[in-house]
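Enquirer:
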DNA sequence: GCAAGGCGCGTACGGTGTGCGCTAACCTGA
DNA sequence: TCAGGTTAGCGCACACCGTACGCGCCTTGC
């Protein structure tokens, strides 16, 4: 006696509201982000997303053209988390750029699945948040004193660095997360395998063994800061010339 | 009267050699690279790959644990295309680093599907070519004069930049390739849409409109070289200090 | 009160990665 | 030379995937 097949329109089964409140784009994007954060990019399927919203998979297509477009919306939504500082002039440019780059990396590590998508978002995604962030970053380099032909390149350099490093870190962290261990445990577990494999490439070992007892998360933070400083040094030198 | 179902062992149907020459890992990897170069990463399926090798999809699993492992092998194979120059000392370090970075970018643009994978190949992939390249790059930074604790970081900075920029470029070029136009045509086609979308972000337009008639490929080359020079400037400054 | 349009959904199609167990060919040792 | 064990290729099947299509309900505008 399945009641499921939806009896016509009995007032009793329909609680005033349309029984199934409207699906919205915002809802869908938000649920997709939840799912992505919780289970990663390969776990996101239209069916699972539908289930999470108490809807059929195909219902989503009324609000989103296809899965690729959904990912574009999702990426743009995440860009909304970013607040790019305003530089008042060359004096505080460097601090502002450091903060912007640090925030961008932090954003990518909060949502590790986003890193590979970030690279693709340059010219091809034109969502409002993506464009706002680009524009604000450009303003930052403009305030720094970069001439019109160079501010794009300077921004591109910084962005490429952050995206590159975040992609690597995110992949590494996802791997660890899937293994169910903490980062420290994982590093310790992998050492023998790593040592054995690097037997004929002794150079690969040196760096790591020196700081065997340092918190791996701090190492990553410091590595990022090191590269960022070098790049800002290089850009600053260009400004002075 | 289908002869297909493999008559027992008649000497006539079996031409001395085992009728179906052995599948090998190398063959599979080579065919996968062909397929990836020709049709991109989302077109690579075990079934298609099997067809290309006149084999059933499941036969591949005798030589490769799963698709992810296949991709690891493929990435390492591509790394084999790289030849990292040797730096004899601080004097020619910069030229060597420039060549290594340029070659790495060229490799990624020859095989656009590889860029997103590159980021993930850091610590998690330990193939022979990947490790050789890492080791040779480290040697390069060592010859430059970076102390032991810093050469890893210096290398990481450069690699992150190249991977970041190559990921963006590869995504952009793949998009264009799928559209069937040349890069120049595509850029021209997109301009109206781009202008409209950037109406409220005028800064986004400036950079592009100045060099409207320059070959877009040259622009990308120059942009890459610009960032590379800034980063090497920053690293060199560190060496001097 | 009625027509029209939007929306959710069931069904279905053509794909995907890959586990399982069969068969036939090969290699080994006696 | 032959028996036995090991291996490689394969057909089948399963559980999933993205998404096109068309039905029927509900809401809205008149």
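Residue numbers (the working numbering), protein chains in the order written: chain A, 19 to 259; chain B, 19 to 259. Even for Gly, the Cβ is constructed at its ideal location relative to N, Cα and C.
1) For the 8 Å Cβ check, are there 3 or more pairs between the region 104 to 118 of chain B and the region 160 to 167 of chain B?
2) Just the C-alpha distance for residue 184 of chain B and residue 65 of chain B, rounded to the nearest angstrom, thanks.
3) Excluding the five sequence neighbours on either side, which residues of its own chain have a C-beta within less than 6 Å of the C-beta of residue 133 of chain A, listed in chain order?
4) Let me know the alpha helix (DSSP H) ranges lying completely inside the region 45 to 104 of chain A, each 4 residues or longer, listed in chain order.
5) Report the residue from B:211, B:238, B:69 whose alpha carbon sits nearest the alpha carbon of residue 144 of chain A.
6) Which runs of the beta strand (DSSP E) fall wholly inside the region 156 to 182 of chain A and span at least 3 residues, in chain order?
7) Quick one, are the C-beta atoms of residue 47 of chain B and residue 91 of chain B less than 9 Å apart?
8) State the Cα-Cα distance for the pair residue 149 of chain B and residue 166 of chain A, rounded to the nearest angstrom.
9) With 16 other CB atoms within 10 Å as the buried threshold, where does residue 138 of chain B fall?
10) Please look up how many angstroms separate the CB atoms of residue 192 of chain B and residue 130 of chain B, rounded, as I've assumed it's under 8 Å.
11) Assign residue 175 of chain B to buried or exposed, taking buried as 16 or more other Cβ atoms, counted over all protein chains shown, within 10 Å of its Cβ.
12) Can you tell me whether residue 185 of chain B is helix, strand or coil according to DSSP?
13) Which bits of chain B does residue 149 of chain A rub up against, with CB to CB less than 9 Å?
14) Can you look up residue 235 of chain B in the DSSP assignment and give me helix, strand or coil?
15) For chain A, find out if any of its Cβ atoms is closer than 9 Å to the Cβ of residue 112 of chain B; answer yes or no.
16) Quick check: is the beta carbon of residue 183 of chain B nearer than 9 Å to any beta carbon in chain A?
17) Taking its Cβ as the centre, do 16 or more other Cβ atoms sit within 10 Å of residue 245 of chain A, making it buried, or is it exposed?
18) Tell me the DSSP secondary structure of residue 220 of chain A in three-state form.
19) Got a sec, what are the start and stop residues for the alpha helix (DSSP H) residue 137 of chain B sits in?
20) Kindly indicate if chain B contains any beta-carbon less than 9 Å away from that of residue 209 of chain A.
21) Output, in sequence order along the chain, the residues in the region 245 to 259 of chain B whose CB is closer than 8 Å to any CB in chain A.
Expert: Walking through what the data contain:
1) Touching, yes, given that three or more Cβ pairs across the two stretches are closer than 8 Å.
2) Approximately 29 Å between the Cα atoms of the pair.
3) Contacts found: 126, 184, 185, 188.
4) Fully enclosed alpha helix (DSSP H) runs of 4 or longer: 64 to 70, 85 to 97.
5) Minimum Cα distance to residue 144 of chain A is reached at B:211.
6) Entirely contained in the region 156 to 182 of chain A, not one beta strand (DSSP E) run reaches 3 residues.
7) Yes; because the gap between Cβ atoms is below 9 Å, this pair is in contact.
8) Their backbone Cα atoms lie some 41 Å apart in a straight line.
9) With 16 or more other Cβ atoms within 10 Å, it is buried.
10) Sure, about 5 Å apart at Cβ, within 8 Å.
11) Around the beta carbon of residue 175 of chain B, 16 or more other beta carbons lie within 10 angstroms, which makes this residue buried.
12) In the structure shown, residue 185 of chain B sits in a helix (DSSP, three-state: H, G or I).
13) The contacting residues are 215, 216, 218, 219, 222.
14) Reduced to three states, the DSSP call for residue 235 of chain B is helix.
15) False, the Cβ-Cβ gap to chain A never drops below 9 Å.
16) Closer than 9 Å to some Cβ of chain A, the Cβ of residue 183 of chain B qualifies, so yes.
17) Note on residue 245 of chain A: 16 or more other CB atoms within 10 angstroms of its CB, so buried under the neighbour-count rule.
18) DSSP, reduced to helix, strand and coil, places residue 220 of chain A outside both helices and strands of the structure shown, so it counts as coil.
19) Where residue 137 of chain B is concerned, the enclosing alpha helix (DSSP H) stretches over 133 to 138.
20) Residue contact with chain B for residue 209 of chain A: absent (no Cβ-Cβ distance below 9 Å to any residue of chain B).
21) Within the region 245 to 259 of chain B, the qualifying residues are 245, 247, 248, 249, 250, 251, 252, 253, 255, 256.
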